[in-house]
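Here the working numbering is used: the sequence shown runs in plain steps of one and ends on residue 230. Glycine included, C-beta positions come from ideal geometry on N, C-alpha and C.
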Amino acid sequence: MTPGPNLQELVDTIRQDAGSDDELAQLATAATEISELTATGDAALGYFVDRARAAGKSWVEISAVLGVSKQAAHKRFAVSWASQPAFDRYTERTRRAVEAASGIAVAANHNYIGTEHLLLAFFTEPECIGAKVLAAADITEEAVGTAVTALIPPGANQVQGEPPMTPRASHVLQGAVAEALELGHNYIGTEHILLSFYRDSGGVAAKVLRELGLSDEAARAAVIEALTT
2 MTPGPNLQEL VDTIRQDAGS DDELAQLATA ATEISELTAT GDAALGYFVD RARAAGKSWV
62 EISAVLGVSK QAAHKRFAVS WASQPAFDRY TERTRRAVEA ASGIAVAANH NYIGTEHLLL
122 AFFTEPECIG AKVLAAADIT EEAVGTAVTA LIPPGANQVQ GEPPMTPRAS HVLQGAVAEA
182 LELGHNYIGT EHILLSFYRD SGGVAAKVLR ELGLSDEAAR AAVIEALTT
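Here is the structure:
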C-alpha cells in the first residue's frame, strides 16, 4: 500500500502553505486543508461503496467491511435525489420525474439509480420540456427502453428499498444546476437535466441519446426553441 503523508510531513506542508509563523494563520490553514482532505477521503470511500453496490453487494456486506452498522452505512452513503444541490428549485414536473427514476430502477431490478433511469423518467411526465424535446426528435419511450436494455440488462434479483444514485447520476443533477445558470434560469427543469446528460459522454443516457440520433448540439437547439415558443 502506498503510504500517505505522516504527521510531520502534514504539519510541514500546512506551515509552508500558511506562509506565516502566526499561530492563527497556521490554524486557519490547517482547518481548511484537513477539511479538504476529509472531504476527498469521504468522496473516495463513497466511490468504492458505489462500485460495491453496482456489483450487487448488499448493505450488510458493505457495513461489515466498514465496521459500522447497516443503518449507519446506508445513511452515510445512500444518495437520494432530495439531497442534491438546489433541489428546492426543481419544478414540480422535474421533482416527480426524478422521483419516478427510483421506481424505474427497481422495476428493472437495478440496485442503483443511473442516468438511464433519469432519462426514462422523462416519459412519466409527457408535458415536461425534456419529454417534448425527445418527442420532437421522434425518440419514443420504447426506443429508449430497448437501447437501455441492450446496454444494461435487467438485474436477476429483486431490489429492496430505494436504491442509491450512481456518481454519474448525481453529477448529472449537479450539472443541471450549471446548465440552468448558463441559460439564466432560476429553476431546474428536465431540459437542464437533458442537457447535463451530455456532460458525461460515458453515461448510459448520453450514449442512448446519441445512438438514437440526438446530438448535444441538436438537444441544446431544441431546448432553446421549446423555451422560446
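Are the beta-carbon atoms belonging to residue i and residue j less than 8 Å from one another?
| i | j | result |
| --- | --- | --- |
| L109 | G156 | The amino acid occupying residue 109 in the given sequence is Ala; Leu does not appear at that position. Contact flag set, yes. |
| P165 | I114 | yes |
| V160 | H118 | no |
| E163 | S103 | yes |
| F198 | L210 | yes |
| G50 | V134 | It is worth fixing the name first, because residue 50 is Val in this sequence and not Gly. Cβ distance not < 8 Å, so V50 and V134 don't count as in contact. |
| D201 | H172 | yes |
| A98 | T125 | yes |
State the Cα-Cα distance for the pair residue i and residue j, rounded to the nearest angstrom.
| i | j | result |
| --- | --- | --- |
| A101 | P4 | 44 Å |
| L8 | I15 | 11 Å |
| C129 | E192 | 8 Å |
| D89 | A179 | 15 Å |
| S64 | A136 | 43 Å |
| G146 | G42 | 36 Å |
| A206 | A19 | 44 Å |
| A53 | D22 | 45 Å |
| L196 | D139 | 17 Å |
| P168 | T229 | 33 Å |
| G204 | G185 | 26 Å |
| Q175 | V12 | 34 Å |
| L25 | T39 | 21 Å |
| F123 | A170 | 14 Å |
| L28 | E10 | 16 Å |
| H75 | T30 | 32 Å |
| A220 | R94 | 19 Å |
| G190 | T116 | 15 Å |
| F187 | R77 | In the sequence as displayed, the identity of residue 187 is Asn instead of Phe. Straight-line Cα distance between these residues: approximately 30 Å. |
| S70 | N158 | 23 Å |
| A1 | P127 | Residue 1 lies beyond the residue range present for the chain, which begins at 2 and ends at 230; the question has no answer from this structure. |
| I194 | K208 | 15 Å |
| R232 | V107 | Here the chain comprises residues numbered 2 to 230, so residue 232 is not present and cannot be evaluated. |
Could you tell me which residues DSSP puts in a beta bridge with residue i?
| i | result |
| --- | --- |
| I114 | M166 |
| Y91 | I189 |
Mark residue i as exposed unless 16 or more other C-beta atoms lie within 10 angstroms of its C-beta, in which case mark it buried.
| i | result |
| --- | --- |
| T33 | exposed |
| S36 | exposed |
| A222 | exposed |
| V66 | exposed |
| Y91 | buried |
| V149 | buried |
| L182 | exposed |
| L121 | buried |
| L215 | buried |
| E226 | exposed |
| Y132 | According to the sequence as given, residue 132 is Ala; it is not Tyr. Per the 10 Å Cβ criterion, buried. |
| A177 | buried |
| V61 | exposed |
| A83 | At A83 the pLDDT is 48, less than 50, meaning the model places this residue with poor confidence; the figure from the coordinates comes in the next sentence. Exposed: under 16 other Cβ atoms inside 10 Å. |
Report task. For the stretch 113-156, list the alpha helix (DSSP H) runs that are entirely contained and at least 4 residues long, ordered along the chain. Result -> Those alpha helix (DSSP H) runs which fall completely within the stretch 113-156 and span 4+ residues are 116-122, 130-137, 142-152.
Report task. Entirely within the stretch 202-226 and at least 4 residues each: give me those alpha helix (DSSP H) ranges in chain order. Result -> Runs found: 205-212.
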